[in-house]
Amino acid sequence: MIRSNVFIRKTKRGKILKVVREHYLRDDVYCSFPKCEQCEEEKPIFSSNPSVDSKELVGKYLIIPDSNVVLHQMDILEDSSIRNVIILQTVYGEVLHRSAIAYKKLKDCLSNPEKKFYLFMNEFHRDTFIERDQKESPNDRNDRAIRTAALWYQKHLKPYEVEILLVTNDQSNKNLALESGIKTNTVEKFVKSLKNCDELADKLALTREASSSTGKTAVFEEHLPLSSIQVGLKSGSYIQGTFHASRDNYLEASVDVYEKDGLSILIQGQQHMNRAMQGDTVAIEILPESEWQSSSSLILEDDGEKNDESTISEDKKILQDISNKSEKKPCGKVVGIIKRNWRQFCGMLQKSLIETATRHLVIPADKRIPKIRIETRQADVLDGKRILVVIDSWPRTSRYPLGHFVRNLGAIGDKKTENEVLLIEHDIPHHQFSTAVRACLPSLPWSITEEDLKQRKDLRDLTVVSVDPPGCTDIDDALHCFQLDNGNYEVGVHIADVSHFIKPGTAIDVEAANRANTVYLIDQRIDMVPELLSSNICSLRGGEERFAFSVIWELDENAKVVNVKFTKSIIKSKAALTYAEAQMRIDDSQQTDDVTKSLRLLNKLAKILKQERIKQGSLTLASPEVRFHMDSETHDPIEVQTKQLLETNSMVEEFMLLANIATAKKIYDEFPSCALLRRHPEPPSSNFESLIKSAESKGFTLNVTSGKMLAESLEKSVLESNSYFNTMLRIMATRCMLQALYFCSGVVDQKDFYHYGLAAPIYTHFTSPIRRYSDIIVHRLLAVSIQADAPHPDFLDKKKTQNLCNNLNYRHKMAQYAGRASVGLHTQLFFQNKIVCEDGYILFVRKNAIQILIPKYGLEGTIFLDKSPVKFVYDETSGTQKCGDITFSSFDKVVVQISIDKTHIQHQKLCLKLVSPYIGGFSVSNIEEEPPQKKKRKS
Amino acid sequence: MSIDIRLSNEKLQHESTDFSAERPLHLVIPGDIITREAGYMRGHGTYMENDVLYASVAGCVEKVNKLICVKPLKSRYTGEVGDVVIGRIIEVGQKRWRVETHSKLDSVLHLSSVNLPGGELRKRSEEDERMMRNYLQEGDLISAEVQSVYADGSLSLHTRSLKYGKLGQGSLLQVPASLVRRRKNHFHNLPCGASVIIGNNGYIWICPTINEQSDKTGGFVTNYERVNSSTREVIARLMNCATALAENMVVIYDTTLLCAHEFSLKYEVKELIKPDIAKEIALLTKQKIHNNDY
Amino acid sequence: MAAWELLKDQNFRLDGRKPTELRRIETRLGVFPNADGSAYLEQGNTKVLATVYGPHEVKGGRGRSNPDKAVINCQFSKSAFSSSERKTHMKFGRNSSETNQHLVQALNAAVMSHLYARCQIDVYVEIVQSDGSDFCACLNASTLALIDAGIALKDIVTCCSATIVDEKSVVDVNYVEESSGSAVLIVGLLPKDEQIAYMQMKGRLHADHLEKLLDCAVEGCRNINNILKERIGEHLKTHSSHFTLTRPATPGRAERSRPAIA
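These protein sequence lines are chains A, B and C, in that order.
Numbering follows full-length UniProt numbering, with no gaps: position 526 of the first sequence is 526.
Numbering follows full-length UniProt numbering, with no gaps: position 30 of the second sequence is 30.
Numbering follows full-length UniProt numbering, with no gaps: position 236 of the third sequence is 236.
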């Protein structure tokens, strides 16, 4: 056992506590240079001839970057040409504390054997540890530690003619290093000396130094330091909140205050926004009441590059013009940023007007993000492309944040590129599965062994059938049903046994847990598990023997559960049907084969189950869903259809619900504190206000005191004259709901387990393990509780399970958004060269606009009224807009014209115009081609 | 007032001559195997498990013929018949006194094992029982001899000799019992002007010189005559010498004590409690004994 | 937690140790001349004093005494200044009587108490500075003090803690590691026979990890045991010179000492 031979105590002072911690220094920290004879490293990391591909540095070099270089120039370090780098522990620690993103990237580099990055534990090394001098700041100490380590390396490797290059942008550090005889360089100079500098130079982050050197005057007020923000927060003079930029108006934003729920402070003008960006945690100061304004419903876009100084004052003027004096809201200004929410942004280049300029703006795809200034020499190449950029800083002197180019994604408008953008913007992991993951896959041809047969129940003789949407290749559920001798029914739900192939802790498991779910875009599926599993070995395809996890009930005549069994099994699906096919079989009285018979039984039982469920207070909600029919060659959408809901849809759904609930009970019984469940919290009654008001306008009263009441009153609200009324109410009700959440049973009070939408006291996800990671966990837990599998320690870790749930919830949300965005993208493509008139219904009436739902396309759009030449009068109490004798209220039927607004070539958007009822000067006639320009957009 | 401060690293560094070099000691700690050979008798400080003899205390293995025992550096006193001990009365009971002798259990002194005033052997009457507290009461110190050892290890004492009995004026010192060397005589009238009783139980009694005949009353009368200061100084010096020897693990008997006293003469009495001086004296004593005697 | 990141990636703990390395151990025997035995022990920054009085006659009534073996009595206390926050009224904290019982239990396994029938052995332990693994240090110090007192032990009972984080078990946990919230296993071992004299676990742990953790703690015990043995040996060497002088002077006397009563 190697023991430390030197011992130094490190004291750390906080408040009045004196913490004394041990710090052991060792002599077995090695340099990792293969030729080194003093060190006994078993697997040296560096190459024995570490050269830099440089014009200036000839010979063997190892590179030591300092903390700031790693923090800000990670994109450079990530480049494959940068190798043989020593990461000092000091640097590593600072990066860990200051930036999670940079830290993750650094870790990736360190674990990549190609990169030859070595983490040198200089703080634990006997010769490189230094103690902080009394008057030295922690930063200075760290700089000194870096220099000490560099010096040590230099001396240590001298016999092998390896030199050390310290890369730092800190001038004083650099000077001190030069004094002590260490070779140093700034990042810029270092990159420029490299042979592939052109490529790398673009990735160079703009540092404060570089940008401030131009000596411009400050545009923004200075941010307060964190210490004075904290003082301000404590005293109440500042408020902390999350910054939300407006999508429509680049000069407006709001801050959701942390402490007070629902309170949001308006921030107007770039001066007041003071460089805060979407998602940042900021400290704001409330302006005096005399400066309060109402939020403008204007849509403003930052068009074109302006001079930094001039624009700010201009902004003010614009804003003053628009602010009407009524309905003032509390306004504030940002005084400091507590935490930045910077990530990588997709965007497109807005070329500088000057031909030869290297500084250009990037317009991010997310409208809430301001334009980003980058420096590139490849503007011509990047023009018309989607690119990935990163923000480095936003100095006071610059109107725009400064960033640098990371990657070229592809041409704008290209579907592949746009999909990529969509995935990146929604933070969906979509890279290829790594070799480590693929190594976990079973090898083909895969077959069932004797061993498997012993462990599983053989259900291959049963008439099992799967019913799925058309084109579905990841079939994760199948059903069977037959009548027992005693008159009861045996019903089985068979779920693909994915957990058999994905064992806890393996690479594939880690990857799947991170991805959390399969993301369905209109023309693409981002699998959670590799295709071999999702579409083949796990997929319960017709006629093939597959592993399943089966839930088998005995149900009586009234679909009451007599008993339930869980077992791992082997099944052989007799048929893989689509909903429509199954429906046809049920309806076709000619067919009397086993499959059809069991389908009929299932259907019969499902109806009883559904009735029962609705009686319990389960909500039937609606959302407009569409299907795109794709051109088989161009893969462009050629037709849009709303999804048809058939009896068979609900049949499958009923049994899935039954299985999920049964599983939830079982695993909760077995693992009271660490079961993974799903809950749907009851929405606060305030959420329903607008719904109730809308219903009242048509003479219906909705009772929202409980889910059951709501379901019943929704059921009753049927308008003879408007068949779509009920559906619309349900769509609106859906919007009132909260998100359903995964959670770990140990961290939530049992009374909060309730699933509001399904009126189930306990619920989980069990039935789609191929596309949801939650189900895999549930499978594992269930397998343990029926003694089919050995428990894994992580199952019992409440904290880990809850962390997992948080990720699942986040990914689930993002997948939903991405799916919607994909629909939006395709809708846009669909209307690319069309102008269509279609029936629509008014969903909401707003102060300055009406929102319209077009059932045929499942499309929702807004027609703005305030910019119209005709005056509309808004009646707040009844929620109507009036123009002459025409009144718009919710649920009214209208006819609208749909087209694509191409005025902005890079930001095309869907545009709605009113056709009927006809209002002179506002509506367009059915055939009119080029109407007057108005602000209309799709939400 | 002056304060004498010395740093620990200024302590005398002269390491003792390695006495064990000639005859290496067999040192063991609990759990160590002493021997795997069969046929040994296990003595104190050892235990047998699966025919292997283990040590149960940390100390030195002593082998006498077939008997193996381990002597710990220090431990409570285990009495043997004939040992001279010094003890303190802690309880007066029926027909016996309970005496604290630094062994693991208290020792007893039966009324029948003492010489009553008058000296002659006679039957103990009830009168004597009632008078017990008049002879010896709680807190009194006595010197005695071990008469017998009970099965549980506790000792029965007797004072049936004129040299034993209640102790009067003097100083008591406690040292580890293992340092006291068994001698024929444990009562010494030292030439330096004091008497010592070196109890086998590690208690050392130092008092003014006892007159050969008259003072050996074996009785219970205490001499409260004032002790002159020069005698007191001798007693104090002897005390400090004994302490010095004990602290430095030097065997204590009359010769070593005298030796130490001799070496200590160049220092003042009070200086003897300084650790370095104490150590020096102990070392010198040790060397001298080593060179001369053995 | 940043501390564990380092462990996961680089196999280093926050204080620079590898997972299986112990902290520095310092010992001193016989620190109190008035006690029968005493010891001072440092395990890193955890510093403990232990004193032993006895074996002596049972105090507080003969009723408490056991005619077959010794009664071991432990008193554990923690000084108010031992942790970074000064605490008042710590002496009789909730923990204390429980800890006493645990110490007694562990020591009973080692002390050959049948040799001390009707006796009592008092062990007082005081934590002077606390930096994790307090109980371990207490037990180790108690053992040393017992040895110093010359009390017969079957073996040197040593104690070591271990915890598991992200599948990695670390031995001899310090305060920072202890307060990370994962389960801590404390094992007291009689290394000669590989007997577990004491085992305690704080926090929940999956059964699958237990074996690994136990192995880790036991290995730690063995290492501590070796260190302690070495230290006791050194102490013996420097304090045993009187044996050479006593031996020749007592020819034949040793024969009189009877074999120990079984």
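C-beta atoms are modelled at their ideal positions from N, C-alpha and C, and glycine is treated no differently.
It should be emphasised that the depicted structure is a prediction, and the values quoted were computed from it without experimental measurement.
Looking at the structure shown, is residue i part of a helix, part of a strand, or coil, going by DSSP?
i, result
"residue 510(A)", "helix"
"residue 58(A)", "coil"
"residue 17(C)", "coil"
"residue 180(A)", "coil"
"residue 468(A)", "strand"
"residue 274(B)", "coil"
"residue 941(A)", "This structure cannot settle anything about residue 941(A), because the visible part of chain A is limited to 1 through 939."
"residue 793(A)", "helix"
"residue 680(A)", "strand"
"residue 236(B)", "helix"
"residue 159(A)", "helix"
"residue 3(B)", "coil"
"residue 873(A)", "strand"
"residue 731(A)", "helix"
"residue 253(C)", "Low confidence applies to residue 253(C): its pLDDT is 39, below 50, so where it sits in the model is not reliable, and the reading given next is rough at best. It is helical."
"residue 759(A)", "coil"
"residue 846(A)", "coil"
Could you work out which residues of chain C lie near residue i, taking near to mean beta carbons separated by less than 7 angstroms?
i, result
"residue 793(A)", "206, 208 and 209"
"residue 124(A)", "12 and 16"
Using the beta-carbon of each residue, which ones in chain B are nearer than 8 angstroms to residue i?
i, result
"residue 156(C)", "29, 30 and 31"
"residue 147(C)", "29, 30, 57 and 58"
"residue 233(C)", "27 and 29"
Starting from residue i, find everything on chain C with Cβ-Cβ shorter than 8 angstroms and list it in chain order.
i, result
"residue 26(A)", "16"
"residue 249(B)", "239, 240, 241 and 242"
At 7 angstroms on the CB atoms, spell out the chain B contacts of residue i, in chain order.
i, result
"residue 117(C)", "152"
"residue 167(C)", "What residue 167(C) touches in chain B: nothing, since even the nearest Cβ is about 34 angstroms away."
Nearest CA to the CA of residue i: which residue from the options?
i, options, result
"residue 740(A)", "810(A), 486(A) and 839(A)", "810(A)"
"residue 31(B)", "233(C), 240(C) and 202(C)", "233(C)"
"residue 80(C)", "130(C), 187(C) and 51(C)", "130(C)"
"residue 258(B)", "57(B), 189(B), 268(B) and 26(B)", "189(B)"
"residue 65(C)", "121(C), 82(C), 74(C) and 182(C)", "121(C)"
"residue 522(A)", "452(A), 492(A) and 422(A)", "422(A)"
"residue 344(A)", "409(A), 486(A) and 187(A)", "409(A)"
"residue 192(C)", "236(B), 56(B) and 271(B)", "56(B)"
"residue 807(A)", "285(A), 768(A), 514(A) and 175(A)", "514(A)"
"residue 170(B)", "186(B), 195(B) and 176(B)", "195(B)"
"residue 825(A)", "413(A), 616(A), 53(A) and 196(A)", "413(A)"
For residue i, go through chain A and note every residue whose CB falls closer than 7 angstroms to its CB, in chain order.
i, result
"residue 28(C)", "The premise fails here: residue 28(C) is roughly 17 angstroms from chain A at the closest Cβ pair, so nothing lies under 7 angstroms."
Could you tell me which chain A residues have their CB closer than 8 angstroms to the CB of residue i, listed as they occur along the chain?
i, result
"residue 44(C)", "22"
(request) Could you pull out every unbroken beta strand (DSSP E) segment of at least 3 residues lying fully inside the region 159-245 of chain C, listed in chain order? (result) Whole beta strand (DSSP E) segments, 3+ residues: 168-171, 184-190 and 195-202.
(request) Decide if the region 209-219 of chain C is in contact with the region 159-174 of chain C; the criterion is three or more beta carbon pairs, one per stretch, under 8 angstroms apart. (result) Yes, the region 209-219 of chain C touches the region 159-174 of chain C.
(message) Whether or not the region 670-687 of chain A and the region 749-767 of chain A are in contact is what I'm after, with contact meaning three or more pairs of Cβ atoms, one per stretch, closer than 8 angstroms; do they touch?
(response) Short answer: they touch.
(request) Report yes or no: do the region 45-57 of chain C and the region 99-106 of chain C share at least 3 C-beta pairs separated by less than 8 angstroms? (result) Under the Cβ criterion (8 angstroms, minimum of three pairs), the region 45-57 of chain C does not count as touching the region 99-106 of chain C.
(request) Determine contact between the region 348-368 of chain A and the region 221-235 of chain A, defined as no fewer than three beta-carbon pairs at a distance below 8 angstroms. (result) At 8 angstroms Cβ cutoff, the stretches do not touch.
(message) List, from N- to C-terminal side, the beta strand (DSSP E) runs of 3 residues or more that fit wholly inside the region 234-258 of chain A.
(response) Correct list: 239-245 and 252-257.
(request) Pair every Cβ in the region 757-774 of chain A with every Cβ in the region 657-677 of chain A, then say whether three or more of these pairs are closer than 8 angstroms. (result) These segments touch.
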